[in-house]
Amino acid sequence: MLLATRQLQIRFLHEKDVPALVALWTDPDVTRYMGGPRDEEMLRAGLAKDAQWTDEAPLGLLPVVEVVSGAVVGHCGLIPKDVDGRSETELIYVLARAVWGKGYATEAAQAVMEYAFEALVLARLVALIDPANGASARVAEKIGMQHAGDTVRPSGKVLRVYARDARRGDRALHRVER
Ligand SMILES: CC(C)(COP(=O)(O)OP(=O)(O)OC[C@H]1O[C@@H](n2cnc3c(N)ncnc32)[C@H](O)[C@@H]1OP(=O)(O)O)[C@@H](O)C(=O)NCCC(=O)NCCS
7 MLLATRQLQI RFLHEKDVPA LVALWTDPDV TRYMGGPRDE EMLRAGLAKD
57 AQWTDEAPLG LLPVVEVVSG AVVGHCGLIP KDVDGRSETE LIYVLARAVW
107 GKGYATEAAQ AVMEYAFEAL VLARLVALID PANGASARVA EKIGMQHAGD
157 TVRPSGKVLR VYARDARRGD RALHRVER
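Our numbering puts the sequence shown at residues 7 to 184.
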C-alpha cells in the first residue's frame, strides 16, 4: 500500500481492480468534464500495463479503495502535463458516482498532495478543471489550491488552472486539519 487515509487506501493496481476502473472510466456522468467515456479496449490495455508496476512509481494513477467495503471506488494520482509550455504535475481525482458527497475526493486529493510535496519533494501541483465542474473546483479549494488562471488545451477546450505551491509548515497544518 502507498497511502492510507481515514476512509481510504491508495495502492498499486491489481488485476482484480480492472472491472471497477473500466466501469469508472466508461461512465458518462463520471467522465462528463474529463473528455467523455473512454474506449474500453484502450482502457483495458492501459490498465494491464499499470498492473505491471512493482516498483515505487510516483507518477501515474492508482486505485482508491474504500476501507469499509474493500471496493475500488476511484482512481487518483499525479500526471506530468505541459500547460502553456510549462512542465506541471497535475493532481487527478476521480470517484465513482455511488460514493460522491462523502468527502472521499478531498481525502484522496489531500493524501496525494502530501505525498507529492513531502515524499516526492515536488514544488507545485495543478488541477485543470472544466469551469462547469463545481464539485471538482470545490475539492481543489478545500485542499488549498487557488484559481491561478485559464488555459486552452490542445482540444480547444478552456480549463481553469488551480494551483498550489509546496509551503513550509504543510505537515503541521495537515495535522491540525485532520
Ligand atoms: C469531483 C469529484 C471528484 C468530487 O468527489 P467527492 O468525493 O464527491 O468530493 P468531496 O465529497 O470530497 O467534496 C465535494 C465538494 O464539492 C461540493 N459540491 C458538490 N457538487 C457541487 C457543485 N455542483 N458545485 C459546487 N460544489 C459542489 C460539495 O458540497 C463538497 O464541498 P463541501 O465539503 O464544502 O460541502 C467527483 O464528483 C468526481 O469524481 N467527478 C467526476 C470526475 C471528475 O470530474 N474529477 C475531477 C477532474 S478535474
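For each residue, glycine too, the CB sits at the ideal point set by N, CA and C. What you are looking at is a predicted structure, and each value in this text was computed from that prediction instead of being measured.
Runs of beta strand (DSSP E) with 3 or more residues, each lying fully within the region 14-61, are found at 14-16, listed in chain order. Distance from G83 to G66 at the Cβ level is roughly 5 Å; contact confirmed, criterion being Cβ atoms closer than 8 Å.
When secondary structure is reduced to three states using DSSP, A138 falls in the coil class, being assigned neither helix nor strand.
A distance filter of 6 Å between CB atoms and the heavy atoms of ligand 1 selects the following residues in sequence order: V36, Y39, M40, Y99, V100, L101, W106, G107, K108, G109, Y110, A111, T112, A133, I135, N139, G140, A141, S142, R144, V145. Cβ neighbours of Y99 within its own chain (closer than 6 Å, five residues either side excluded): C82, A111, A114, A115.
Linking H153 to T37 through their CA atoms gives a straight-line distance of about 22 Å. In this structure, V89 is the residue among V89, V73, R170, T95 with its C-alpha nearest to the C-alpha of K163. The beta carbons of A146 and Y168 sit closer together than 8 Å.
Between the alpha carbons of R92 and L101 lies a gap of roughly 28 Å.
For the pair R173 and M151, the CB atoms are not nearer than the 8 Å cut-off.
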